[in-house]
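Enquirer: Okay, handing you the structure first.
2 protein chains.
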Amino acid sequence: MQMQTDSNFDLDNFLPYQLAVVAGRASKAFSEIYSAEAGLTVPEWRIMAHLLKAEAVSVREIHLRTDLDKPKVSRASDRLEAEGLLVKKVNPRDRRLVELSLTPAGRALMMKLIPLANQFQQKLLEQLGGDAAAFRAALSRMMDDSK
Amino acid sequence: MQMQTDSNFDLDNFLPYQLAVVAGRASKAFSEIYSAEAGLTVPEWRIMAHLLKAEAVSVREIHLRTDLDKPKVSRASDRLEAEGLLVKKVNPRDRRLVELSLTPAGRALMMKLIPLANQFQQKLLEQLGGDAAAFRAALSRMMDDSK
DNA sequence: GAGATATCGTTGCGTTTACAACGATGTCAA
DNA sequence: TTGACATCGTTGTAAACGCAACGATATCTC
Chain A
1 MQMQTDSNFD LDNFLPYQLA VVAGRASKAF SEIYSAEAGL TVPEWRIMAH
51 LLKAEAVSVR EIHLRTDLDK PKVSRASDRL EAEGLLVKKV NPRDRRLVEL
101 SLTPAGRALM MKLIPLANQF QQKLLEQLGG DAAAFRAALS RMMDDSK
Chain B
1001 MQMQTDSNFD LDNFLPYQLA VVAGRASKAF SEIYSAEAGL TVPEWRIMAH
1051 LLKAEAVSVR EIHLRTDLDK PKVSRASDRL EAEGLLVKKV NPRDRRLVEL
1101 SLTPAGRALM MKLIPLANQF QQKLLEQLGG DAAAFRAALS RMMDDSK
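Chains A and B, in that order, give the protein sequences.
Mapping to my numbering: the first sequence position 133 is 133, numbers consecutive.
In my numbering, each residue's number is its place in the second sequence (first place is 1) plus 1000.
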């Protein structure tokens, strides 16, 4: 590991850059799977995946929890509704809120995708080898710290 | 750490998603620094940083080495040339190639940015704590594997 | 209760992006 | 040498992006 003095810099070992490259490649590789399998885009996949564990979630909550900005959630969920994968319903207690929830078709689609996701992750973890546990721990910490 | 069976899935612990979120936040936080300090965009910063360690590099090489596609390198380097931070010169040995190299002004700008970059990375590493070494090792391995 | 303020989801819009195609140059083979 | 093929950087273009502003609803304050 190279020592970094003030006027010394190596892009290849710069953390934000490495993260961007690795994340971009992983995201692209996995998106090719669910794009081919289900025609979903990245924001669409994230919304569907988030809805899986929580019934009736507002646009706002998805925006906060999944790092998608509001317009993205709004438009992606429009497309998903048009395809019959989820339904949008105004919350009667607070009519500013729109609750999203999966349709049976949406849930069925995710049941098909989840094994592929777990399988993809498994391959990544194998790449990491012995550092896998520490890597995931560090990643989780970074997620929480900057939340 | 939660065990994942086929029909069990938690987006928050899904590696590609975690990577995308963490990378996006780190990239954005750091880009605010060099954007405020030097008015650079992400591809512009990457090109400048890559040129720092290698004189006279072709567009193609930057494209391959920094995960920027060719049009991005082409247009970003146009802007950088217009601002006097680098020069483009056709390689006389192979006139298809365009060699990029920093001007003195470009190099001076980077000398100002590098301490900020190292300082930013230092803060990230402190967040990682004891897992930092394993994290970087795993990250480097993933970079090389998918190259 | 009424007006001011805040929050939600949507829409508008200028910019950036990714992908393909192009002209220019170089290489290879017959 | 010449024609076919490959590679380089640029340009064109439709789609996606981020950010701000909007209408609608809710809350807070007096």
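From the three backbone atoms N, C-alpha and C, an ideal C-beta is built for every residue, glycine too.
Name, please, each residue of chain A whose Cβ falls closer than 7 Å to the Cβ of residue 1050 of chain B.
Expert: The contacting residues are 11.
Enquirer: What are the residues in the stretch 67-78 of chain A lying within 9 Å of chain B by C-beta distance?
Expert: So the close ones are 67.
Enquirer: So that I know if they touch, is there some Cβ in chain A lying closer than 9 Å to that of residue 1021 of chain B?
Expert: Closer than 9 Å: yes.
Enquirer: From residue 1116 of chain B to residue 100 of chain A, what does the alpha carbon distance come to, in whole angstroms?
Expert: The alpha-carbon atoms of residue 1116 of chain B and residue 100 of chain A are separated by roughly 43 Å.
Enquirer: Taking the continuous alpha helix (DSSP H) assigned at residue 128 of chain A, which residues delimit it?
Expert: Here the alpha helix (DSSP H) through residue 128 of chain A covers 104-128.
Enquirer: Whole angstroms are fine: how far does the CA of residue 1133 of chain B sit from the CA of residue 12 of chain A?
Expert: Rounded to the nearest angstrom, the two C-alpha atoms are 16 Å apart.
Enquirer: Buried or exposed for residue 72 of chain A, please, with buried defined as at least 16 other CB atoms from any protein chain shown within 10 angstroms of its CB.
Expert: By the 10 Å Cβ count, residue 72 of chain A comes out buried.
Enquirer: Using DSSP bridges, identify the partner residues of residue 1089 of chain B.
Expert: Partner(s): B:1099.
Enquirer: Straight-line CA distance for residue 25 of chain A to residue 108 of chain A?
Expert: Using only the alpha carbons, I get a separation of about 28 Å.
Enquirer: Put residue 1193 of chain B into one of helix, strand or coil per three-state DSSP.
Expert: One cannot answer for residue 1193 of chain B here, as it falls past the ends of chain B, which runs 1001 to 1147.
Enquirer: Quick one: does residue 1064 of chain B have its CB under 9 Å from some CB of chain A?
Expert: No, its Cβ sits nowhere closer than 9 Å to a Cβ of chain A.
Enquirer: In whole angstroms, what separates the C-alpha of residue 1131 of chain B from that of residue 1015 of chain B?
Expert: Rounded to the nearest angstrom, the two C-alpha atoms are 17 Å apart.
Enquirer: Taking Cβ to Cβ, would you say residue 86 of chain A is nearer than 9 Å to residue 47 of chain A?
Expert: Contact flag set, yes.
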